[in-house]
Structure formats: structure tokens, C-alpha cells
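Asks: Here the sequence shown stands for residues 3 to 110, numbered as in my numbering. C-beta: ideal position from N, C-alpha, C; glycine also.
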Amino acid sequence: MTNSPSIGQAFTALSDATRREVFELVAERPRAVGELAAQVPVSRPAVSQHLRVLKEAGLVEDEAVGARRIYKLHPEGIAELRSYLDGFWSRSLRAFKAVAEAGDKEDR
Numbered sequence: 003m004t005n006s007p008s009i010g011q012a013f014t015a016l017s018d019a020t021r022r023e024v025f026e027l028v029a030e031r032p033r034a035v036g037e038l039a040a041q042v043p044v045s046r047p048a049v050s051q052h053l054r055v056l057k058e059a060g061l062v063e064d065e066a067v068g069a070r071r072i073y074k075l076h077p078e079g080i081a082e083l084r085s086y087l088d089g090f091w092s093r094s095l096r097a098f099k100a101v102a103e104a105g106d107k108e109d110r
């Protein structure tokens, strides 16, 4: 992950329950700050702060649309996080396969 936020930043950003809720709302579809603030139990400035942290972690990006900023998922950041997590799944499947194959040999 050269020149990009770390996986640790992504997990830290998502560790806050309100920030995770904001992230999940943005994951549903792109949204403006005001729309997000209407759906979470924090102020509009707090939502902006949460979005800033998510953006710094590489999980969301924003685009100016008129006077508003619209936030959406950042595909590259999500892909890096998914790749990291998929690595655990792949290792678990390999370990399960090894155990299952070892059991097959013992049964013979």
C-alpha cells in the first residue's frame, strides 16, 4: 500500500460505531453531509469530522456537486481492505483443506 493509507487506519476509522454507521450509509449510495446528518445521532459538523477520518483512511471520497460535497466509497481503498481480509479467508481455507486431507489419509 505505497502512498496510500494503511490497513490500520481503515480499521481505526471503522472502530467508531457512529463512523461505521456513516460508512455503511455511504456504502448504500452516495450521500451529502446534510443527508447523513439527518440519519445519525450526531451533529452535521460531527458527521463532517467522521467523513474526514474515513477519507483520510482511504475508504470514502468526495465530489463537488454544486455547493454540496457528495461522499461515496473509494473503490481502491475498499479493494485494499477486502484483499487484506481475503488473505485471512484464503489461509483459513488452506488450513482446513490440510486438516481434512490429513484426516482422509488417517482413515485409509
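Grab the span of the alpha helix (DSSP H) containing V44 for me, first residue to last.
Replies: Looking at the DSSP string, V44 is not in any alpha helix (DSSP H), and its letter there is neither H nor E.
Asks: Would DSSP call A12 helix, strand or coil?
Replies: helix
Asks: Could you say if the region 54-64 and the region 75-87 meet the contact criterion of at least three C-beta pairs nearer than 8 Å?
Replies: yes
Asks: Measuring straight from C-alpha to C-alpha, what distance separates E65 and K74?
Replies: Distance between the alpha carbons of E65 and K74 is about 8 Å.
Asks: Between the region 86-93 and the region 40-57, are three or more C-beta pairs nearer than 8 Å?
Replies: Verdict: no, contact absent.
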